[in-house]
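What follows is one structure encoded as structure tokens, with my remarks underneath.
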Amino acid sequence: MLKRVLTYCLIVFGLAVLYLSTSKDMMQKISDARNDHDEWWGSHFAYEGDLVGMSYLYYVKDFHKPRQRVFAPRNCNNGKAVNLVLWGDSYTMHFRDTDFCADRFQYGRRYFEDIQYKLDTSLRNVLIIESTERHIREYFSGNRIYDELKPKTEKELKKTTFIDSREHSIVYANFLQLPDIKTLFNPHINRNIEYNLFNYNCISPVRKIKAWINYKIFNRASGDAVLSKKGDRLFYNKTLDKKETTGFNCPLADAEVNKIIKLLNEIEEHYKAAGFDDVYLSIIPNAVTIYQPEGYNMLIPRIQNNKALKMKVVDVYTPFMQKPDGMFWKGDTHWSNAGADVWLKIVNSVITDTTYIASR
Amino acid sequence: MLFNSLQFLVFFMVVTLWFYSLKTQKSRNLLLLIASCYFYMSFVPKYILILGATIIIDYIAGILIERTQGKGRRLWLIMSLIANIGILAYYKYFNFLAENLNGLLHMASIDKQYSLMDIVLPVGLSFHTFQAMSYTIEVYRGKQQAERNFATYALYVMFYPQLVAGPIERPQNILPQLHEYRPYNWEHVKEGLTRMLWGFFKKVVIADRLAMVVDYAFDNHTSSSWYVLVIGAVFYSFQIYCDFSGYCDIGIGAARVMNIKLMENFSQPYTSSNITTFWQRWHMSLSGWFRDYVYIPLGGNRKGELRRRINVFIVFLLSGLWHGANWTFVMWGGLHGLLVTVFPGSKEKPKSVAVNALKAIITFIAVTVLWIFFRASNISQALLYIANILRLQGGDTTTGLNIAEILFSVLLIIVMMFKEFRVQGYKMQSDKKFYIYAAAMVASCYLFGVFNENQFIYFQF
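Protein chains in written order, with the numbering used here: chain A, 1 to 360; chain B, 361 to 821.
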């Protein structure tokens, strides 16, 4: 009898794990709930650096990053007053309006918030589209970013306020038809199962042992991190994956570069027509691109230096390559305070100088 | 769904427990069929339609072949084979043919070019197509009754432990087992789990570790030192063995847990003293398929020695092409065919252990050289790889792993070979021994496993 009860309990438990790890909505709820009670479950990401957390190399203090984020005070020119709209990712999400030489600052993080904007005809309207290098090909070759960046009509705005357009279409589809078969097969299910079953403080010691074996004996990092050739920093493994477009060394055909340029030009044209005075692209390089550039597919220079590109660029690739020391944390995918400062200075000089033509 | 994934472990637990909680074989088969559909759809959902189409065609064909007499019987078989081979040809070989045709047209300065299709090869297509064909052929030959229960037949093709990379089963082995209600048997569960754990170990601890050296050597074959290339080639021999036989161990073990016995696919191939023996021990289910359905119908050894050799060569060429639509596979198959026809080896086992070992080493070297064609992305890369070894190319001496891990990898290979040579079978009489073994294997797989979501090599076929 006990065996039978146990059997049924395990079946229900297994089905629940599969269901929860498949459902995007449920995973979001679980993640939110766990984030609210870090002290019970253990934090998902390490404050010492996301790559430190991914690789469980907590005991290697060299990889830790300081927790405070301090930027140099802004030094603004007396240019025309600016209405700055910045659409970016985790690299730029922590900036405050006081970091910019802008009278008005609007930030939109793709996939998390609706990227809406308000133009101000009394100000110089500047749009900066920022993206980390590893997502450029995924977004622009696949037309994704263009779909998301397309401005909505007034009617659409009322209907979709603060709802991501893709989620919106899924929600409506559910009322009208059966769920999309693809939603039954979540490509990230293994990552989600790992999160649901094993991402707890009590299991960390075992992970740390594995990380220690790999690091001390085999001179490798485990998890999603890769140790640099010099062994002095960690890289995110997706940025070194030759087979994925996220890889800095993944072959890149001219045809794909041309397609990206074409889409960027369309975006530029679109937003200029919508009322922006200037539209800038800013690609933040991968750490591996800067510190271990052998085999680089030259994605950033091939886009930024392309003569057909109409969009202006905020170029941090060049200054980072010229002076790479300290631009990225050693155990984090993101730039350091110094790296962010370089970007801020360029942006501020760009948006306050109407004669500035960025790096082009 | 990869075997080496958490999703599979949870899935396997649920399906197995549910399987044993059901009281009739009919309901068990239905559960396994639904589970197999979910398993297959986890790769690319829409390809279930292709699999479903072949299942329907062959199910109907089997019944019609059995019902019909005379020429009509042959006609139904041919129609079924055309449907199966047609699907295989369309998805696997269309682009290959088009590319080669375009090349020929270009050489002949003809402007016409055939456009290539943007398709992804359905996972395990060659495996389940061959398994389905084996059913209709056996029904035609009168060695197997046509299956009337559609769900049972569908499960014969789709049974998830062997769905995507074999063993390529025969209906005589599987169908009777699917009809018979088999009660829970702890000894079989232990045996199956023991085998599964060994398969996981071979895959995540050995194969995926060796893959890092192999990938490095093949990616850098122009700049790496000759001995790095040798290490890469030798490691590839063991990588592909541990990868494929590891997959089979997991699959056969998973089936055994559910009291179903699948056929064996490997029998220590790298201890073979000649190339013929190697092929009797490597991917045995495919070799058996080609023997029964191609070699023997071609005449086998019944039409003289020359014809026998030609038949053998044809079988190996087809076997190469079966693996993939690339000239590297054709070359690999063709060279094996050449070796088997020219140096078949003696059937008698040498009395001296030393001579036997020497022959085994020579055979291993030959197989390893030919694996280079199998692994390379094109023939010129394979030839350059071999040439760089032969000319003792100097260059980069890094291997992708540090020296400690290279030595650890060699140790793992020795342990694996020793275990497979000395300890055959997976039965464990003592429960205590089983629990200790299971704990040790789980700990080893976690602590020393390489988890980078590497697919099994044979999934691509």
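Think of the CB as a built atom: it goes at the ideal place given N, C-alpha and C, for glycine as much as any other residue.
It should be emphasised that the depicted structure is a prediction, and the values quoted were computed from it without experimental measurement.
query: If you measure from the beta carbon of I129/A to each beta carbon in chain B, is any gap under 8 Å?
result: No, I129/A does not count as interfacial toward chain B.
query: Less than 8 Å separating the beta-carbons of Y139/A and W335/A?
result: Inclusion of Y139/A and W335/A in the CB contact set at 8 Å is not warranted, their separation being larger than that value.
message: On the DSSP letters alone, give me the boundaries of the alpha helix (DSSP H) that I408/B sits inside.
response: Here the alpha helix (DSSP H) through I408/B covers 408 to 427.
- prompt: Between the segment 559 to 588 of chain B and chain A, which residues of the former have CB atoms less than 7 Å from a CB of the latter, in chain order?
  reply: Of all residues in the segment 559 to 588 of chain B, none has a Cβ within less than 7 Å of some Cβ in chain A.
is_contact[Q367/B, chain A] using C-beta, thresh 8 Å: Chain A, which has a Cβ nearer than 8 Å to the Cβ of Q367/B, makes this yes.
Three-state secondary structure (DSSP) of I656/B: In the structure shown, I656/B sits in coil (DSSP, three-state: anything other than H, G, I, E or B).
field: chain B contact residues for F400/A, given Cβ-Cβ distances below 9 Å
entry: With chain A running from 1 to 360 in the structure shown, residue 400/A is simply not present.
message: Rounded to the nearest angstrom, what separates V82/A and H94/A at their Cα positions?
response: For V82/A and H94/A, the distance between alpha carbons rounds to 20 Å.
message: Looking at chain B, is there any beta carbon in it that lies within less than 8 Å of the beta carbon of K210/A?
response: So, interface residue.
- request: Output the distance between the C-alpha atoms of S585/B and K242/A, rounded to the nearest integer angstrom.
  value: C-alpha separation (whole angstroms): 22 Å.
query: Exposed or buried, which one is S440/B when buried takes at least 16 other CB atoms within 10 Å?
result: By the 10 Å Cβ count, S440/B comes out buried.
query: Of the residues that make up the segment 371 to 401 of chain B, which ones have a beta carbon closer than 8 Å to any beta carbon in chain A?
result: If the cut-off is 8 Å between Cβ atoms, the segment 371 to 401 of chain B has F371, M373, V374, L377, W378, Y380, S381, M401 near chain A.
- request: For Q532/B, count neighbouring Cβ atoms within 10 angstroms of its own Cβ and tell me buried if that reaches 16, exposed if not.
  value: Counting the other CB atoms within 10 Å of its CB gives Q532/B a total below 16, which places it among the exposed residues.
field: Run of the alpha helix (DSSP H) containing F598/B, from where it starts to where it stops
entry: For F598/B, the uninterrupted alpha helix (DSSP H) run begins and ends at 586 to 617, by DSSP.
message: On the CB-based measure, 16 or more other CB atoms within 10 Å of its CB, does N249/A come out buried or exposed?
response: It is buried - the Cβ of N249/A has at least 16 other Cβ atoms within 10 Å.
query: Since D756/B sits in a beta bridge, which residues does DSSP pair it with?
result: Its beta-bridge partners are S584/B.
- prompt: Count the other CB atoms within 10 Å of the CB of M467/B; is the residue buried (16 or more) or exposed (fewer)?
  reply: Exposed, because fewer than 16 other Cβ atoms sit within 10 Å of the Cβ of M467/B.
task: To the nearest angstrom, report how far apart Y587/B and S605/B are at their CA atoms.
output: Computed Cα separation, rounded: 27 Å.
Any C-beta of chain B under 8 Å from that of N199/A: Under the 8 Å criterion on CB atoms, N199/A is classed as non-interfacial with respect to chain B.
- prompt: When the Cα atoms are used, what is the spatial distance from D120/A to C397/B?
  reply: Their Cα atoms are separated by approximately 56 Å.
message: Can you tell me whether K472/B is buried or exposed? The criterion is at least 16 other CB atoms within 10 Å of its CB, across all chains shown.
response: Under this definition K472/B is an exposed residue.
field: Cutoff 6 Å; reference L824/B; Cβ partners in own chain excluding five residues on either side
entry: Because chain B is modelled from 361 through 821, residue 824/B falls outside the range shown and cannot be assessed.
task: Kindly indicate the opening and closing residues of the alpha helix (DSSP H) around N625/B.
output: Counting along the chain, N625/B sits inside no alpha helix (DSSP H), nor does DSSP assign it H or E at all.
- request: Give the residues of chain D in contact with I213/A, contact being defined as C-beta atoms less than 8 Å apart.
  value: Absent from the structure is chain D; the protein chains it does hold are A and B.
Straight-line gap, N305/A to L252/A (C-alpha atoms, nearest Å): The alpha-carbon atoms of N305/A and L252/A are separated by roughly 15 Å.
- request: State whether the segment 215 to 229 of chain A contacts the segment 267 to 275 of chain A, with contact taken as three or more CB pairs (one from each stretch) at a distance under 8 Å.
  value: Short answer: they don't touch.
query: Ordered along the chain, which non-local residues of its own chain (more than five positions away) have a Cβ less than 6 Å from that of R668/B?
result: Same-chain partners within the cutoff: N661.
- prompt: Taking Cβ to Cβ, would you say Y400/B is nearer than 8 Å to M518/B?
  reply: Yes; because the gap between Cβ atoms is below 8 Å, this pair is in contact.
task: For E765/B, go through chain A and note every residue whose CB falls closer than 7 Å to its CB, in chain order.
output: Contact of E765/B with chain A by beta-carbon distance below 7 Å involves F218.
message: Within 8 Å, do at least three Cβ pairs link the segment 564 to 573 of chain B to the segment 593 to 604 of chain B?
response: At 8 Å Cβ cutoff, the stretches touch.
message: Suppose you measure from the CA of M327/A to the CA of Y451/B; what does that come to, to the nearest Å?
response: Going by the C-alpha atoms only, they are around 48 Å apart.
- prompt: What's the C-alpha gap between G680/B and I674/B?
  reply: Just so you know, the alpha carbons of G680/B and I674/B end up roughly 10 Å apart.
query: What does N762/B touch in chain A if you count any residue whose Cβ is under 7 Å from its own?
result: Here the neighbours are F218, N219.
query: the segment 221 to 247 of chain A: which residues have C-beta closer than 7 Å to a C-beta of chain B, in chain order?
result: Taking 7 Å as the Cβ-Cβ cut-off, the segment 221 to 247 of chain A has no residue approaching chain B.
field: Any chain B beta carbon closer than 8 Å to N75/A
entry: No - not a single Cβ of chain B is within 8 Å of the one on N75/A.
message: Residues in the same chain with beta-carbon distance under 8 Å from L589/B, minus the five sequence neighbours each way, listed in chain order, please.
response: Around L589/B: A577, H581, Y745, N748, I749, Q753.
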